[in-house]
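Positions in the sequence shown are counted from 1; adding 479 to them yields the numbering used here.
A short worksheet on the structure shown next.
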Amino acid sequence: MARCFLFYSSVLGFLSVALGAFGAHALKEKFNEYQMGIFHTGVQYQFFHTLALGLVGLLLLKSPEVSLFKNAGYAFLVGVIIFSGSLYLLAFTQVKWLGAITPIGGLSFLIGWALLGIGIVKYL
Numbered sequence: 480m481a482r483c484f485l486f487y488s489s490v491l492g493f494l495s496v497a498l499g500a501f502g503a504h505a506l507k508e509k510f511n512e513y514q515m516g517i518f519h520t521g522v523q524y525q526f527f528h529t530l531a532l533g534l535v536g537l538l539l540l541k542s543p544e545v546s547l548f549k550n551a552g553y554a555f556l557v558g559v560i561i562f563s564g565s566l567y568l569l570a571f572t573q574v575k576w577l578g579a580i581t582p583i584g585g586l587s588f589l590i591g592w593a594l595l596g597i598g599i600v601k602y603l
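Here's what the structure looks like:
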């Protein structure tokens, strides 16, 4: 699982940079300030949690048996997909109900951080 999380971290990191550059250059003229803010928040949270996923992957190289770390990694992945994904869709479509999905991704991020913290205290 460590290698998978490290791989996903590299892919999501690449996408964070690509989406950030795309937003800064290609969308600057097409999006209004509100849409740009939403898009930027999606990229920012994706990038932060890409780094967290990489940390989980590294921790799993050291302690592959710790299920708290594995579950934290899954929570970060789900969080990026739901939180950032819903924000990207909201920015592009301006369909307001998509904003109601975003907190589910935020909750997934919180769960990931809690599991990571408990795992570090308990096993390292």
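Even glycine gets a Cβ: it sits at the ideal position worked out from N, Cα and C.
The structure displayed is predicted, hence computed values, not measured ones.
Can you tell me whether DSSP reads residue i as helix, strand or coil?
i: I560; result: helix
i: S542; result: coil
i: Q573; result: coil
i: A593; result: helix
i: E508; result: coil
i: L603; result: coil
i: M515; result: helix
i: I580; result: coil
Let me make sure I understand the geometry here. Which of the options has the alpha-carbon closest to that of residue i?
i: T572; options: I590, Y602, V600 and Q514; result: Q514
i: Y553; options: G492, H504, L540 and S587; result: S587
i: A481; options: V600, L532, V557 and G564; result: L532
i: V429; options: G578, H519 and W576; result: Look at the range of the chain in this structure, 480 to 603, and you will see that residue 429 is not part of it.
Looking at residue j and residue i, is the spacing between their C-beta atoms short of 8 Å?
i: G499; j: L566; result: no
i: S546; j: Y602; result: no
i: F510; j: A570; result: yes
i: L595; j: F548; result: yes
i: F493; j: H528; result: no
i: G619; j: A551; result: The requested residue 619 is not part of the displayed model; the chain covers only 480 to 603.
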